[in-house]
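Input: a single structure, listed below in structure tokens.
Structure representation (structure tokens):
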């Protein structure tokens, strides 16, 4: 097990909290909370050690542009592939609403 | 998917996560989660053993309304550590049940629904998990004096170990055909008793003995429902409306023991149709109605597979 952290510049705070995924084989859990410091801070706990460069590449691709809302992300990973990790992170931002003034209704339940 | 394909008739309950199951069950807009994942009440023991912990420890506890009545819904996430019960998740369930009992004593009737999806105690947390399960048992026995405690085993994990006892303590127990209920899991029985006695790879055999249909026939569960959100919810509401049973299943242990002692176990497990023997014997005194169930329990081994294979 390994814990790693990253930080990226970001836009306005995210609209709301979101939790997606599960700490089960090949999957991961993402907790998203709005932040008010203009940054995206990501704390990763992963069952697979030695893959910092892979995480870095994935997160650079998502966050380097600084266009996503400010949030704190906690990722609890159980060996998800980069594709699954990216989908889960995007899902968290989608369910967390993009920005505070985003009027999109909150999604509940399964579908 | 083909755009012209007909919409599926069922809305699967099994495929929902624990949090989604709670949201699907409680009245819309009423659930308020207790110790939600952002409180970060995680297992303190798993990271010490190099295992990544989930923020809610695999248990969702929510208070809300169920058919307009106050209720707590407690769901175990079978995808996280096999739904195993650790110190934190177990305490969340026991604590919520204890608070519900206290509400009843204070004049606020509050029922409980347990969405069980668990292999039992989390071995990495050993005695702490066992202690938590004992607290859950005590809390169910306390609460069910006032209001029904409804158990639902949907699958795919099923309900085993000490939580199998928790299921047995429930006022009403609802299962799907895909669900299983037992104490020792199949692999453990095979390891202890030998493969001649119990073949853990023989899935039709396992479902014939511990599957939802069989457990309902034997009177160890009350209702068999399809894997469908609306059916599960309707059945839970019906159980709440029925109220506290005059005699709980666990108070009828004498009947079950007598039934076991009447049974020729050697014949039951080594002749064709062992499931039939268990089921037929059990059905007579209890007379449990199993909705939608075919008269399958008199068939022999040859057809057993088809009848009980997990769908």
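Residue numbers (my numbering), protein chains in the order written: chain Z, 2 to 112; chain A, 831 to 1141.
The C-beta atom is built at its ideal place from N, Cα and C for all residues, glycine as well.
Check whether chain A comes within 7 Å of residue 48 of chain Z, counting only Cβ atoms and requiring the distance to be less than that.
Locating residue 48 of chain Z in the first chain gives position 47, where the first residue counts as 1. Chain A, which has a Cβ nearer than 7 Å to the Cβ of residue 48 of chain Z, makes this yes.
In whole angstroms, give me the CA-to-CA distance for residue 1005 of chain A and residue 964 of chain A.
Taking the second chain and counting its residues from 1, one reaches residue 1005 of chain A at position 175. Taking the second chain and counting its residues from 1, one reaches residue 964 of chain A at position 134. If I take the Cα positions, the gap works out to 23 Å.
Let's see if you can read the secondary structure: which residues bound the alpha helix (DSSP H) around residue 967 of chain A?
As a first step, residue 967 of chain A is located in the second chain; it is residue number 137 there, counting from the start. Residue 967 of chain A -> alpha helix (DSSP H) spans 956 to 973.
Against chain A, does residue 33 of chain Z count as a neighbour if the rule is that its beta carbon must be under 7 Å from one of theirs?
Indexing the first chain from 1 puts residue 33 of chain Z at position 32. No - not a single Cβ of chain A is within 7 Å of the one on residue 33 of chain Z.
For the beta strand (DSSP E) holding residue 1005 of chain A, just list the boundary residues, first then last.
To locate residue 1005 of chain A, count along the second chain from 1; it is residue 175. Residues 1002 to 1006.
What are the partner residues of residue 915 of chain A, as DSSP defines its beta bridges?
In the second chain, the residue the question calls residue 915 of chain A occupies position 85. Its beta-bridge partners are A/951.
Quick check: what's the CA-CA separation for residue 1 of chain Z versus residue 32 of chain Z?
Examination of residue 1 of chain Z is not possible in this model, given that chain Z is present from 2 through 112 alone.
Members of the region 61 to 92 of chain Z near chain A, C-beta cut-off 8 Å:
75, 77, 78 and 79
Would you call the CB atoms of residue 885 of chain A and residue 867 of chain A closer than 7 Å?
Along the second chain, read from residue 1 onward, the residue named residue 885 of chain A stands at position 55. Along the second chain, read from residue 1 onward, the residue named residue 867 of chain A stands at position 37. Contact: yes.
Where do the ends of the alpha helix (DSSP H) carrying residue 1040 of chain A lie?
The residue given as residue 1040 of chain A occupies position 210 in the second chain. 1033 to 1040 is the span of the alpha helix (DSSP H), which, as asked, contains residue 1040 of chain A.
Comparing the C-beta of residue 1084 of chain A with each C-beta of chain Z, is any distance below 7 Å?
Within the second chain, residue 1084 of chain A is the residue found at index 254, counting from 1. By this cut-off, residue 1084 of chain A is not an interface position.
If I'm right that residue 996 of chain A touches residue 1019 of chain A with Cβ under 8 Å, what's the distance once you round it to whole angstroms?
To locate residue 996 of chain A, count along the second chain from 1; it is residue 166. To locate residue 1019 of chain A, count along the second chain from 1; it is residue 189. Their Cβ separation, rounded to whole angstroms, is 20 Å, which puts residue 996 of chain A and residue 1019 of chain A out of contact at 8 Å.
Assuming residue 942 of chain A contacts residue 890 of chain A under a Cβ cut-off of 8 Å, what Cβ separation, rounded to an integer in Å, is found between them?
Numbered from its first residue, the second chain carries residue 942 of chain A at position 112. Numbered from its first residue, the second chain carries residue 890 of chain A at position 60. No, residue 942 of chain A and residue 890 of chain A are not in contact; Cβ-Cβ is about 13 Å, not under 8 Å.
Residue closest to residue 947 of chain A, alpha-carbon to alpha-carbon, out of A/895, A/1010 and A/979
For the purposes of this step, residue 947 of chain A is identified with residue 117 of the second chain, where counting begins at 1. Closest by alpha carbon: A/1010.
7 Å Cβ cutoff met for residue 79 of chain Z and residue 38 of chain Z:
Counting from 1 along the first chain, the entry for residue 79 of chain Z is found at position 78. Counting from 1 along the first chain, the entry for residue 38 of chain Z is found at position 37. Going by C-beta atoms, residue 79 of chain Z is not nearer than 7 Å to residue 38 of chain Z.
Under 9 Å from the C-beta of residue 885 of chain A: neighbouring residues of chain Z
Counted from its first residue, the second chain places residue 885 of chain A at position 55. 20, 24, 30, 32, 75 and 77, listed in chain order.
Using a cut-off of 8 Å between C-beta atoms, extract the partners of residue 871 of chain A located in chain C.
Judged by its chain identifiers, the structure shown contains no chain C, and its protein chains are Z and A.
Here's a check: name, in chain order, each residue in its chain whose Cβ is nearer than 6 Å to the Cβ of residue 49 of chain Z, leaving out the five neighbours to either side.
Along the first chain, read from residue 1 onward, the residue named residue 49 of chain Z stands at position 48. Here the set comprises 80.
Three-state secondary structure (DSSP) of residue 1016 of chain A
On the second chain, residue 1016 of chain A is found 186 positions in, with the first residue counted as 1. Looking at residue 1016 of chain A - three-state DSSP - the assignment turns out to be helix.
When the cut-off is 7 Å and only beta carbons count, does residue 897 of chain A lie next to chain Z?
Locating residue 897 of chain A in the second chain gives position 67, where the first residue counts as 1. For residue 897 of chain A, the answer is no, since every Cβ of chain Z falls outside 7 Å of its Cβ.
Contact set for residue 55 of chain Z: own chain, Cβ-Cβ below 7 Å, skip 5 residues either direction:
What you label residue 55 of chain Z is simply residue 54 of the first chain in a count that begins at 1. Only 83 meet the Cβ criterion.
Contacting positions in the region 845 to 868 of chain A - beta carbon closer than 7 Å to chain Z
846, 847, 850, 853, 854, 867 and 868
Could you check whether the Cβ of residue 15 of chain Z sits closer than 7 Å to any Cβ belonging to chain A?
Position 14 of the first chain, counting from 1, holds the residue named residue 15 of chain Z. It does not: the Cβ of residue 15 of chain Z has no partner Cβ on chain A nearer than 7 Å.
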